[in-house]
Amino acid sequence: MLLSSARAEVHLPAGFTLEVIAGPDVLSEPMDLTFAPDGAAWVTGRAGDLWRVDAGTHAVHRIGKVDTETSGDRGLHGVALHPDFPRTPQVFLAYHATNHATNQYRSRIARWTVDGPGSAPTLKAGSEKPLLEWEGDLAGQHVGGGLLVHPKERLLYVTAGENNQNANLRQYCDDPENKAQSVRDLRGKVLRMGLDGATPKDNPFARTPGAQGLIYTRGHRQPWALTYDAPTGMILLAENGGDLADDCDEVNRIQPGANYGWPKVFGDGWSTSSRSNKVEGFTAPWFAYKRNTGASCVGAVIYRPPAGGGGYPAKYHGAFFYADFARKSVRSAPVDPATQKPGESESFLQGLTAGPLALRLGPDGALYLITHGGATKPSANDALLRVTFRAQ
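129 is the number that this note's numbering gives to position 133 of the sequence shown; each next residue is one higher, with no gaps.
Below, the structure is given as structure tokens:
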């Protein structure tokens, strides 16, 4: 578990507590999580492991493992459950396979069938059905891998990083065929597909000759995690921006056909090449903040209290929370219910010994975080955490 001395350094508002649900003794390199209807968290591990974690008893069960490439920022990342789970016992996973003969990897989105009782499920041997694959260069970075099953549309959303390996920023930005802008390339995009991998007919480029019909939005660098807010219908994307001090990390509101500008622009339409000119024609971030000495936005949720009551104080109802891996923190901001725009952010959780890689709202009305401090290896700070509230 996390060291007690490390937890003592964590700062939260009065009444809030950081609780360890599962630590490095049972979770290795955790990456992402989703919640099953029974309230259990399904957690992925970078090396290919998938676990079920009972949030009440803290019991951890290993569901299975996929064979994945783990170099760089590759590995098993996103996880999502079928909207009719467990009646339809299927789980979707995003991970990477490698072809070392060509020095490339393959991003894979696959659907698996789950066997066994609710408390001890297993990935059914031989049940994997690959839905989508695309190639990338091992020398490149930014692979994405976030998943979201839209509960109303009953469609699967996927993030694909732009896999850049060009160190010449100006040359990359000015390249008319750069991957994030090209509609012929899946990389640097948010993709939208049927639960069987089919292309929805209402996708923006479904009928565009030469375009990849699965593209829903483009102009993304490292699109990390997607969340859906039922009351507003908003889909939010936590995204890592550029590496320069005046670049921005972003939370983007995903809208069909939108172009968020990377690598042509950063932030609110500023030219990535000149750094001083505004460029029209791109969708501005829903929320953005300067990188300065470091930033890595990895999760964004709008807080909704549980249906049965309780949860966080009224101040946070409808508020926006975002997690930053590099800053080892979570911040919150009010959201105007009329405009659905966030206001100024303030500190919520700081002082973590390892950066968060995922931020999710649990069915119990608590925020859950995954921390992983080892970069490309297991860490003593690998953990699933929960932020609980008790009135003073």
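Built from N, CA and C at the ideal position, the CB exists for glycine as well.
Which of helix, strand or coil DSSP assigns to residue i
i       : result
Gln167  : helix
Lys274  : strand
Ala121  : coil
Lys373  : coil
Lys311  : helix
Met(-3) : Any reading at Met(-3) must be qualified, since the residue scores a pLDDT of 41, below 50, and its modelled position is unreliable; the value itself is stated next. Met(-3) falls in the coil class under three-state DSSP.
Phe400  : Because residue 400 is not part of the residues shown, which for the chain are -3 to 388, the question remains open.
Ala296  : strand
Ser325  : strand
Lys286  : strand
Phe81   : coil
Asn255  : strand
Val75   : strand
Ala106  : strand
His138  : coil
Gln100  : strand
Asp111  : strand
Asp133  : strand
Pro302  : coil
Gly68   : coil
Leu182  : coil
Val145  : strand
Lys61   : strand
Gly157  : coil
Ala93   : strand
Arg382  : strand
Gly265  : coil
Leu365  : strand
Arg188  : strand
Pro126  : strand
Gln86   : strand
Sequence-distant residues of its chain with Cβ nearer than 7 Å to residue i (five each side left out)
i      : result
Asn236 : Arg217, Gln218, Trp220, Asp245, Ser292 and Cys293
Arg203 : none
Ala362 : Arg382, Val383 and Thr384
Phe81  : Ala32 and Pro33
Glu25  : Gly41, Arg42, Ala43, His368, Gly370, Pro374 and Asp378
Trp266 : Lys274
His54  : Ile17 and Ala18
Val389 : No answer is possible for residue 389: it lies beyond the span of the chain, which begins at -3 and ends at 388.
Phe321 : Ser292, Val294, Gly351, Pro352 and Leu353
Candidates the options, of which the one nearest residue i by Cα
i      : options                           : result
Trp282 : Tyr308, Asp243 and Ile231         : Ile231
Gly52  : Ile59, Ala37 and Ala315           : Ala37
Phe88  : Gly306, Gly190 and Asp360         : Gly190
Gln388 : Glu5, Thr289, Val6 and Phe12      : Phe12
Asp63  : Ala106, Gly351 and Pro82          : Ala106
Arg183 : Glu129, Gly193, Phe262 and Thr223 : Glu129
Val154 : Ser178, Val16, Gly132 and Ala76   : Ala76
Leu240 : Ala284, Val247 and Thr289         : Thr289
Leu222 : Leu152, His313 and Pro302         : Leu152
Asp21  : His7, Ala10 and Arg58             : Arg58
Lys61  : Leu23, His78, Thr84 and Pro172    : Leu23
Tyr285 : Ser269, Phe262 and Pro205         : Phe262
Leu165 : Thr30, Gly339 and Ser269          : Ser269
Lys197 : Tyr212, Gly206, Val186 and Arg180 : Tyr212
Asp243 : Gln177, Thr30 and Arg287          : Arg287
Ser103 : Lys125, Gln86 and Glu65           : Glu65
Neighbourhood of residue i by C-beta distance below 8 Å, restricted to the same chain and skipping five residues each side
i      : result
Ala315 : Ile298, Tyr299, Ser328, Ala329, Pro330 and Val331
Glu5   : Gly347 and Thr349
Tyr168 : Asn160, Asn162, Asn174 and Pro259
Gln137 : Gly68, Asp69, Gly157, Asn159, Asn160, Gln161 and Gln218
Pro302 : Pro359, Asp360 and Gly361
Ala207 : Val179, Arg180 and Phe201
Chain-order list of residues whose beta-carbon lies under 6 Å from that of residue i (same chain, five-residue window excluded)
i      : result
Ser0   : With a pLDDT of only 40 at Ser0, under the threshold of 50, the placement of this residue in the model should not be trusted, and no figure is reported.
Gly257 : Gly215 and Phe278
Ala140 : It is worth fixing the name first, because residue 140 is Gly in this sequence and not Ala. Only Thr155, Ala156, Gly157 and Pro219 meet the Cβ criterion.
Gly74  : Asp28, Ala90, Gly141, Gly142 and Leu143
Leu365 : Pro352, Leu355 and Leu381
Ala254 : Thr213 and Thr279
Thr84  : His78
Gly71  : Arg42 and Thr64
Any non-hydrogen atom of the ligand FAD within 7 Å of residue i CB
i      : result
Tyr224 : In the structure shown, the ligand FAD is absent, as is every other ligand, since no ligand is present at all.
*Start-end ranges of the beta strand (DSSP E) lying completely within the stretch 201 to 253, minimum 3 residues*: 211 to 214, 218 to 225, 230 to 236 and 244 to 249
*Is the number of C-beta pairs between the stretch 107 to 124 and the stretch 136 to 149 that are closer than 8 Å three or more?*
no
*Check whether the stretch 331 to 351 touches the stretch 35 to 47, counting contact only when three or more Cβ pairs, one atom from each stretch, lie closer than 8 Å.*
Flag = no, the stretch 331 to 351 and the stretch 35 to 47 do not touch.
*Three or more C-beta pairs below 8 Å linking the stretch 262 to 279 and the stretch 307 to 314*: no
_Complete runs of the alpha helix (DSSP H) confined to the stretch -3 to 53 [at least 4 residues]_ = 0 to 4
*Can you list the beta strand (DSSP E) stretches of 3 or more residues lying completely in the stretch 327 to 361, in chain order?*
342 to 346 and 352 to 357
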